[in-house]
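2 protein chains.
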Amino acid sequence: MSDDEERTPASGAWRSLGDFIKSQRELANLSMRQLAEIAKISNPYLSQVERGLYKPSADVLKSIANALHLSAETMYSQAGLLDNSAGRDESHHGVEHAIKVDPRLSTDQKESLIRIYRSFTAGS
Amino acid sequence: MSDDEERTPASGAWRSLGDFIKSQRELANLSMRQLAEIAKISNPYLSQVERGLYKPSADVLKSIANALHLSAETMYSQAGLLDNSAGRDESHHGVEHAIKVDPRLSTDQKESLIRIYRSFTAGS
DNA sequence: AGCATCTGCTTGGTATACTTAGCACACACT
DNA sequence: AGTGTGTGCTAAGTATACCAAGCAGATGCT
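Protein sequences, first through last, are from chains A and C.
Per the working numbering, the first sequence starts with residue 1, numbered consecutively.
Per the working numbering, the second sequence starts with residue 1, numbered consecutively.
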């Protein structure tokens with residue numbers, strides 16, 4: 001069950017994202033063309049996005065967020081992209097995660113470190 | 001001014017994103033087909049993403065992140081989509097810090113891990 | 001009246017994200 | 001010698017994100 005991903009255009013969450021963008025735009029007293037100009041997208045496209053016809057790509061979302069002085073996180077969570085279904089495991093916060101993400105380590109080095117770490121914590 | 005967004009395919013940051021995904025995939029001992037299956041994308045596409053030929057859309061990134069048991073935030077920041085300009089740095093989990101605060105490790109074990117970690121990252 | 005100049009929207013096209021079918025090689029097993 | 005299954009990759013197509021040009025109504029100006 002877990003995972004019914006929906007990647008059709010213009011369904012559900014994307015629609016409300018459009019409403020969100022529209023309300024934020026109006027709140028900032030910007031016309032579509034003005035916002036589109038700042039966010040470097042075309043105004044017809046913005047129109048379609050606001051009505052939920054298309055789901056904008058992440059960098060477009062980021063541009064729009066910046067143009068509206070919103071954080072990208074806010075935008076993504078409105079878009080349902082930060083959905084912390086599996087995301088909120090900072091509680092886990094673990095050594096393994098830190099190792100995996102460290103850009104200074106090679107894959108082999110990561111494997112070695114994790115193996116050692118697991119051997120250390122094997123009985124707990 | 002000078003908001004020079006770059007939306008060309010396969011440049012700079014996207015390339016390193018591919019490397020990141022690849023290393024995470026190998027770290028999880030998954031083949032391309034296995035990861036693609038879990039993330040619900042096709043394996044040739046995953047191949048191209050890993051080599052930086054295309055920049056995957058946000059929901060694909062999220063799928064991949066979930067499949068790799070990573071948070072979506074981690075993925076997005078690797079993709080350069082979340083500038084962490086505002087100093088909320090749970091993204092900066094240092095490995096050493098994570099080791100130091102891990103309650104399951106003894107002091108000796110922590111010292112060993114940190115020593116190994118430092119030897120790995122000595123030249124960077 | 002006419003002509004600007006806003007507003008958001010539609011049409012038609014291009015670029016690129018993404019898929020299905022299949023190739024080429026490597027390592028098992030009979 | 002096969003034959004089967006694993007790996008990643010190429011080729012060719014479809015779907016969709018995105019853009020440039022232009023339309024219709026509302027407002028304002030002379």
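Beta carbons: idealized from backbone N, C-alpha and C, even for Gly.
**Request:** Pick helix, strand or coil for T107(A), following the three-state DSSP scheme.
**Result:** The answer is helix: DSSP assigns T107(A) an H, G or I state.
**Asked** Which term fits G18(C), buried or exposed, when burial requires 16 or more other beta carbons within 10 angstroms of its beta carbon?
**Response** Using a 10 angstroms sphere on the CB of G18(C), the tally of other CB atoms reaches 16 or more, which defines it as buried.
**Prompt:** Are the region 67-75 of chain A and the region 54-67 of chain C touching by the rule of at least three beta carbon pairs closer than 8 angstroms?
**Reply:** With the cut-off at 8 angstroms, the region 67-75 of chain A and the region 54-67 of chain C do not touch.
**Item:** Interface flag, T107(C) vs chain A, CB-CB below 8 angstroms
**Value:** It does not; no Cβ of chain A falls within 8 angstroms.
**Prompt:** Anyone know if the C-beta pair for L46(C) and L35(C) falls short of 8 angstroms?
**Reply:** Yes, the pair counts as a contact, with Cβ atoms nearer than the cut-off.
**Asked** Which chain A residues sit within Cβ distance under 7 angstroms of I99(C)?
**Response** Simply V95.
**Message:** Could you check whether the Cβ of Y117(C) sits closer than 8 angstroms to any Cβ belonging to chain A?
**Reply:** By this cut-off, Y117(C) is an interface position.
**Prompt:** Hey, is R15(A)'s beta-carbon within less than 8 angstroms of any beta-carbon in chain C?
**Reply:** Judged by the 8 angstroms Cβ criterion, R15(A) is not in contact with chain C.
**Prompt:** Under a three-way DSSP split, which group does R51(A) fall into?
**Reply:** Coil, per DSSP.
**Message:** Buried or exposed, going by whether 16 or more other CB atoms sit within 10 Å of the CB of P136(A)?
**Reply:** Outside the shown range of chain A (1 to 124) lies residue 136(A), about which nothing can therefore be said.
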